[in-house]
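Asker: Have a look at this one.
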Amino acid sequence: MSKMNHRPHIMNDVERCTQLLTDESVDLGILSKETGIAEETLLSYRDQPDLLKNAYHIELKKLVAKYFEVFFNRNEIERFRFMLIDIVGLT
Numbered sequence: 069m070s071k072m073n074h075r076p077h078i079m080n081d082v083e084r085c086t087q088l089l090t091d092e093s094v095d096l097g098i099l100s101k102e103t104g105i106a107e108e109t110l111l112s113y114r115d116q117p118d119l120l121k122n123a124y125h126i127e128l129k130k131l132v133a134k135y136f137e138v139f140f141n142r143n144e145i146e147r148f149r150f151m152l153i154d155i156v157g158l159t
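For reference, each letter of the sequence shown is one residue, going 69 to 159 in this note's numbering.
And the structure:
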């Protein structure tokens, strides 16, 4: 069995939200309409990502869902889904 030299970094929800909000190609107005989170709140999260650590759980869930929509294409989502099924053992 081969050893992994480096453990992969798995992003947590706050890191995913930070990546989504700090990406300049993401329009906060559109994101606000799609998530139901006030644009001013999203702007404050963009300016001070540490505030996400104290965000409501429901806000984080909505932002993580948008993260996966923005940063993964359909094939990657399917691959991720099958990986989760394999890990959980639902087959």
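Virtual Cβ for every residue (Gly too), placed ideally from N, Cα, C.
Note that this is a predicted model, so its numbers are computed, not measured.
What do you get for ARG84, buried or exposed, if any count of 16 or more other CB atoms within 10 angstroms of its CB means buried?
Answerer: Numbered from 1 along the sequence shown, position 16 holds the residue referred to as residue 84. ARG84 is buried by the Cβ-count criterion.
Asker: If we count the other Cβ atoms within 10 Å of its Cβ and call it buried at 16 or more, is TYR165 buried or exposed?
Answerer: Look at the range of the chain in this structure, 69 to 159, and you will see that residue 165 is not part of it.
Asker: Inspect the CB distances between the segment 117-132 and the segment 78-95 and report whether three or more fall short of 8 Å.
Answerer: yes
Asker: Mind pulling the alpha helix (DSSP H) runs of 4 or more residues that sit fully within the segment 87-150?
Answerer: 96-103, 107-115, 125-139
Asker: My guess is that LEU171 and LEU111 are in contact by the Cβ rule of under 8 Å, so how many angstroms apart are they, rounded?
Answerer: Nothing can be reported for residue 171, as the shown portion of the chain is limited to 69 through 159.
Asker: Would you decide whether ILE105 is buried or exposed? Buried here means 16 or more other CB atoms lie within 10 Å of its CB.
Answerer: For the purposes of this step, residue 105 is identified with residue 37 of the sequence shown, where counting begins at 1. ILE105 comes out buried.
Asker: Quick check on this structure: which residue in ARG149, ALA133, ILE145 has the alpha carbon closest to the alpha carbon of THR86?
Answerer: Residue mapping note: residue 86 aligns to position 18 of the sequence shown, counting from 1. It is ALA133.
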